[in-house]
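Colleague: Residue numbers (the numbering used here): 2 to 275. Cβ coordinates follow ideal geometry from the N, Cα and C atoms, glycine included.
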């Protein structure tokens, strides 16, 4: 049977719950023993995404993997980045973070028990805010003035910005374009260096509202776990769209569509106060 080679990006592992089995086929009797357990678990736990990881493809693996998607980890670089030192190893991920690690020896019952624990985890998910009023907060602008979210005109695009994230800086051309149609607020949680502050002032100019705070509770309230993360608020301050990861220019049309639908549905309750 031909391998079902996984064609997605590793960034997809940041979404949802995943079970990764690191194996070496052939020459690893333990790997061959674990594979049927893993395949059965994929049927038993449809809420979890299952992925087989191996440093190379072999005919034997094609027969054993069945319909499981397979990621070819050339040179074992991906496994090494996750601290995998032996095969077989199972890593259970919740939104990109390793929640459980099973290194050989373990049995099928232990695998099932660990998957149940994975499902029981309360995983932060910014999508949970869809259809709800955006939580209120206040943060300081470049002038040191406290600005509340409720005081900024809507519709509004809120970005959680991390200066250590290259992708956050790369999104500025799209953000500037967006600022012509909706308010754009860039929220920095933590301290900025003098160089980062200077760079932000230069790029953002007056088109983008930049707010800074050290209140990490805002991350918890919005359930943000990665950068960048975006929230689109309609005229009532209701979250109508959430996106994790980088923007593309095609997002402009999507913003227009979402806002148009939001106006039709007239959803929302009491807006965030000033």
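Can you tell which of 55, 131, 79 has its C-alpha closest to the C-alpha of residue 28?
Modeller: If you number the chain shown from 1, residue 28 lands on position 27. Per the Cα distances, 55.
Colleague: I need the straight-line Cα distance from residue 71 to residue 12, nearest angstrom please.
Modeller: Along the chain shown, one-based indexing puts residue 71 at 70. Along the chain shown, one-based indexing puts residue 12 at 11. In a straight line, the C-alpha of residue 71 is about 16 Å away from that of residue 12.
Colleague: For residue 140, report the span of its beta strand (DSSP E) as first-last.
Modeller: Taking the first residue of the chain shown as position 1, residue 140 is located at position 139. Run containing residue 140: 139 to 141, per the beta strand (DSSP E) assignment.
Colleague: Measuring CA to CA, which of 25, 218, 173, 225 is closest to residue 126?
Modeller: One-based indexing of the chain shown puts residue 126 at position 125. Of the candidates 25, 218, 173, 225, the one whose C-alpha sits nearest the C-alpha of residue 126 is 225.
Colleague: Whole-angstrom Cβ separation of residue 153 and residue 139, contact assumed at under 8 Å?
Modeller: Taking the first residue of the chain shown as position 1, residue 153 is located at position 152. Taking the first residue of the chain shown as position 1, residue 139 is located at position 138. At roughly 11 Å, the Cβ-Cβ gap does not stay under 8 Å, so residue 153 and residue 139 are not in contact.
Colleague: Within the chosen definition, does the stretch 228 to 238 reach the stretch 207 to 214 through at least 3 CB pairs nearer than 8 Å?
Modeller: Because the criterion of three Cβ pairs below 8 Å is not met, the stretch 228 to 238 and the stretch 207 to 214 do not touch.
Colleague: DSSP beta-bridge partners for residue 188?
Modeller: Position 187 of the chain shown, counting from 1, holds the residue named residue 188. For residue 188, which the question treats as bridged, DSSP gives the partners 161, 212.
Colleague: Buried or exposed for residue 117, going by 16 or more other Cβ atoms inside 10 Å?
Modeller: Taking the chain shown and counting its residues from 1, the one referred to as residue 117 is at position 116. Result: exposed.
Colleague: Evaluate the contact criterion for the stretch 241 to 253 versus the stretch 168 to 181: three or more CB pairs, one atom per stretch, below 8 Å.
Modeller: The stretch 241 to 253 is in contact with the stretch 168 to 181.
Colleague: The beta strand (DSSP E) with residue 244 in it runs from where to where?
Modeller: The residue labelled residue 244 in the question sits at position 243 within the chain shown. Taken as a continuous stretch (DSSP letters only), the beta strand (DSSP E) holding residue 244 covers 240 to 245.
Colleague: Going by C-alpha to C-alpha distance, which of 220, 204, 200, 33 sits closest to residue 109?
Modeller: Residue mapping note: residue 109 aligns to position 108 of the chain shown, counting from 1. Ranking the options by Cα distance to residue 109, first place goes to 33.
Colleague: According to DSSP, simplified to helix, strand and coil, what is residue 257?
Modeller: If you number the chain shown from 1, residue 257 lands on position 256. It is helical.
Colleague: Quick check: the stretch 94 to 101 against the stretch 187 to 203, are at least 3 beta-carbon pairs closer than 8 Å?
Modeller: Not touching, per the Cβ criterion.
Colleague: Can you say whether residue 80 is buried or exposed, counting buried as having 16 or more other CB atoms within 10 angstroms of its CB?
Modeller: Start at 1 with the first residue of the chain shown, and residue 80 comes out as number 79. That one is buried.
Colleague: Grab me the residues of residue 36's own chain with a C-beta within less than 6 Å of its C-beta, minus the 5 sequence neighbours each way, in chain order.
Modeller: As a first step, residue 36 is located in the chain shown; it is residue number 35 there, counting from the start. So the qualifying residues of the chain are 65.
Colleague: For residue 106, which of 89, 95, 40 has the nearest alpha-carbon?
Modeller: Translated into the one-based positions of the chain shown, residue 106 becomes position 105. Selected option, being the one with the closest Cα: 89.
Colleague: From residue 142 to residue 128, what distance separates their C-alpha atoms?
Modeller: Walking along the chain shown from the start, residue 142 turns up at place 141. Walking along the chain shown from the start, residue 128 turns up at place 127. C-alpha separation (whole angstroms): 27 Å.
Colleague: If we call anything under 8 Å between Cβ atoms a contact, is residue 177 one with residue 119?
Modeller: Numbered from its first residue, the chain shown carries residue 177 at position 176. Numbered from its first residue, the chain shown carries residue 119 at position 118. Cβ distance not < 8 Å, so residue 177 and residue 119 don't count as in contact.
Colleague: Please go through the same chain and pick out, in chain order, the residues whose beta-carbon is closer than 6 Å to the beta-carbon of residue 241, but skip the five residues on each side of it.
Modeller: Within the chain shown, residue 241 is the residue found at index 240, counting from 1. So the qualifying residues of the chain are 233, 235, 259, 263.
Colleague: State the Cα-Cα distance for the pair residue 137 and residue 111, rounded to the nearest angstrom.
Modeller: Start at 1 with the first residue of the chain shown, and residue 137 comes out as number 136. Start at 1 with the first residue of the chain shown, and residue 111 comes out as number 110. Taking the straight line from one Cα to the other gives about 43 Å.
Colleague: Give the straight-line distance between the Cα atoms of residue 229 and residue 78, rounded to the nearest whole angstrom.
Modeller: Counted from its first residue, the chain shown places residue 229 at position 228. Counted from its first residue, the chain shown places residue 78 at position 77. The alpha-carbon atoms of residue 229 and residue 78 are separated by roughly 25 Å.
Colleague: Which partner residues of residue 73 appear in the DSSP bridge assignment?
Modeller: Your numbering for residue 73 matches position 72 in the chain shown. In DSSP, residue 73 forms a bridge with 55.
Colleague: Taking all protein chains shown into account, do 16 or more other C-beta atoms lie within 10 angstroms of the C-beta of residue 275, making it buried, or fewer, making it exposed?
Modeller: Position 274 of the chain shown, counted from the first residue, corresponds to residue 275. Note that residue 275 scores 47 on pLDDT, short of 50, meaning its location in the model is unreliable; the coordinates nonetheless yield the value given after this. So residue 275 ends up on the exposed side.
Colleague: Three-state secondary structure (DSSP) at residue 124?
Modeller: By 1-based counting over the chain shown, the position of residue 124 is 123. Three-state DSSP puts residue 124 in coil, outside helix and strand.
Colleague: For residue 82, which of helix, strand or coil comes out of DSSP?
Modeller: Working through the chain shown from its first residue, we reach residue 82 at position 81. Of the three classes helix, strand and coil, the one that applies to residue 82 here is helix, per DSSP.
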